[in-house]
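S.K.:
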């Protein structure tokens, strides 16, 4: 185990941290000029949890957060990091697995939204490529609306090797491609499944496609040919969850 410090910002991300793990917050910085209900609410929550609060101006908030999108609330938190084992987690789950795999996602807003929809659909974990991908950062935390703290997130350096290991655990690898003839709605998600989403510009890489058991598409009925990766992830994950609810 080791301890590191990181920055989170935005009302959703910080409120979630206060509720789930207030003791990890070293300092909460708030915009001295704001006195609206959202600010009053987060101050009340923070004080109830004995969080140390400092009022500063917007210029200093920007200096800490490195962005103007902080909404007037920025926190320094202590992050206790454990070297978690993906396969131990998967082996400990006694129901059909539902995983989201992200192949070189580079936009922090997309990653944050993927975390949020994966959490909402009850996914057991997210697996992402370590290289050529955005990491977990303050923007991801803000966009995820707290999901960054709730869903297990793993990065891997060799996705092809990871996919082979998942196959050994009888996890069905479902890749996505708008060129596939197989529709999302004709796909069985009732068994352990991993939904694999490609990068914003190029989609799935060649070797990733090769390791998939099947490639599926989301039928499009308008003039737009494809969807944002987080939107597409949500559609597929919730279809998988819908099927599993019917089969209960």
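Residue numbers (our numbering): 7 to 254. Note that beta-carbon positions come from the ideal geometry of N, C-alpha and C, so glycine has one too.
Leaving out five residues before and five after residue 64 in sequence, what residues of the same chain have Cβ atoms less than 8 Å from its Cβ?
M.R.: In the chain shown, counting from the first residue as 1, residue 64 sits at position 58. Closer than 8 Å at the Cβ level, and outside the excluded window around residue 64, lie 37, 39 and 78.
S.K.: Grouping DSSP H, G and I as helix and E and B as strand, with all else coil, what is residue 11?
M.R.: Here residue 11 corresponds to residue number 5 of the chain shown, with the count starting at 1. Residue 11 falls in the strand class under three-state DSSP.
S.K.: At which residues does the alpha helix (DSSP H) containing residue 57 begin and terminate?
M.R.: Reading the chain shown from its first residue, position 51 is the one you call residue 57. Element bounds for residue 57: n/a, residue is neither H nor E.
S.K.: Check whether the Cβ atoms of residue 162 and residue 203 sit closer than 8 Å, and answer yes or no.
M.R.: Taking the chain shown and counting its residues from 1, one reaches residue 162 at position 156. Taking the chain shown and counting its residues from 1, one reaches residue 203 at position 197. No.
S.K.: Taking C-alpha atoms, which residue in 139, 120, 137 and 140 lies nearest to residue 131?
M.R.: Here residue 131 refers to the residue found at position 125 when the chain shown is read from its first residue. Here the closest residue by C-alpha is 120.
S.K.: Note down, one range per segment and in chain order, each alpha helix (DSSP H) of at least 4 residues found wholly within the stretch 135-173.
M.R.: Those alpha helix (DSSP H) runs which fall completely within the stretch 135-173 and span 4+ residues are 144-150.
S.K.: To the nearest angstrom, how far is it from the Cα of residue 59 to the Cα of residue 53?
M.R.: Counting from 1 along the chain shown, the entry for residue 59 is found at position 53. Counting from 1 along the chain shown, the entry for residue 53 is found at position 47. Their Cα atoms are separated by approximately 8 Å.
S.K.: What does residue 81 pair with, by DSSP beta-bridge criteria?
M.R.: Walking along the chain shown from the start, residue 81 turns up at place 75. In DSSP, residue 81 forms a bridge with 14 and 34.
S.K.: Write down every uninterrupted run of the alpha helix (DSSP H) in the stretch 175-252 whose length is 4 residues or greater and which is fully enclosed by it, in chain order.
M.R.: Here the runs fully enclosed are 212-217 and 235-252.
S.K.: Restricting to Cα atoms, I'd like to know which of 198, 48, 123 and 170 is closest to residue 153.
M.R.: Sequence index remark: in the chain shown, residue 153 carries index 147 (1-based). Closest option to residue 153, Cα to Cα, is 123.
S.K.: Nearest by alpha-carbon distance to residue 4: which of 55, 170 and 147 is it?
M.R.: Nothing in the structure corresponds to residue 4, since the chain is present only between 7 and 254.
S.K.: Can you give me the start and stop residues for the beta strand (DSSP E) that residue 107 sits inside?
M.R.: Locating residue 107 in the chain shown gives position 101, where the first residue counts as 1. Residue 107 -> beta strand (DSSP E) spans 104-108.
S.K.: With DSSP as the reference, label residue 127 as helix, strand or coil.
M.R.: The residue labelled residue 127 in the question sits at position 121 within the chain shown. Reduced to three states, the DSSP call for residue 127 is coil.
S.K.: I'd like to check one pair, residue 95 with residue 158: are the Cβ atoms closer than 8 Å?
M.R.: Here residue 158 corresponds to residue number 152 of the chain shown, with the count starting at 1. Here residue 95 corresponds to residue number 89 of the chain shown, with the count starting at 1. The answer is yes: Cβ separation under 8 Å.
S.K.: Would you call the stretch 214-222 and the stretch 161-179 touching, i.e. three or more CB-CB distances under 8 Å?
M.R.: Segments in contact, yes.
S.K.: In whole angstroms, give me the CA-to-CA distance for residue 233 and residue 226.
M.R.: Translated into positions along the chain shown, residue 233 becomes position 227. Translated into positions along the chain shown, residue 226 becomes position 220. Each residue's Cα considered, the two are about 9 Å apart.
S.K.: Can you give me the start and stop residues for the alpha helix (DSSP H) that residue 94 sits inside?
M.R.: Within the chain shown, residue 94 is the residue found at index 88, counting from 1. Its alpha helix (DSSP H) spans residues 92-98.
S.K.: Is it buried or exposed for residue 155, if we count other Cβ within 10 angstroms and need 16 for buried?
M.R.: Residue numbering aside, residue 155 sits at position 149 when the chain shown is read from its first letter. Residue 155 comes out buried.
S.K.: When burial is assigned at 16 or more other CB atoms within 10 Å of the CB, is residue 113 buried or exposed?
M.R.: Mapped onto the chain shown, residue 113 falls at position 107. Residue 113 comes out buried.
S.K.: Measure the Cβ-Cβ separation of residue 66 and residue 11 and say whether it is below 8 Å.
M.R.: Residue numbering aside, residue 66 sits at position 60 when the chain shown is read from its first letter. Residue numbering aside, residue 11 sits at position 5 when the chain shown is read from its first letter. Contact flag unset, no.
S.K.: Using the C-alpha atoms, what's the distance from residue 98 back to residue 247?
M.R.: Here residue 247 refers to the residue found at position 241 of the chain shown. Here residue 98 refers to the residue found at position 92 of the chain shown. Looking at the two C-alpha atoms, the distance is approximately 20 Å.
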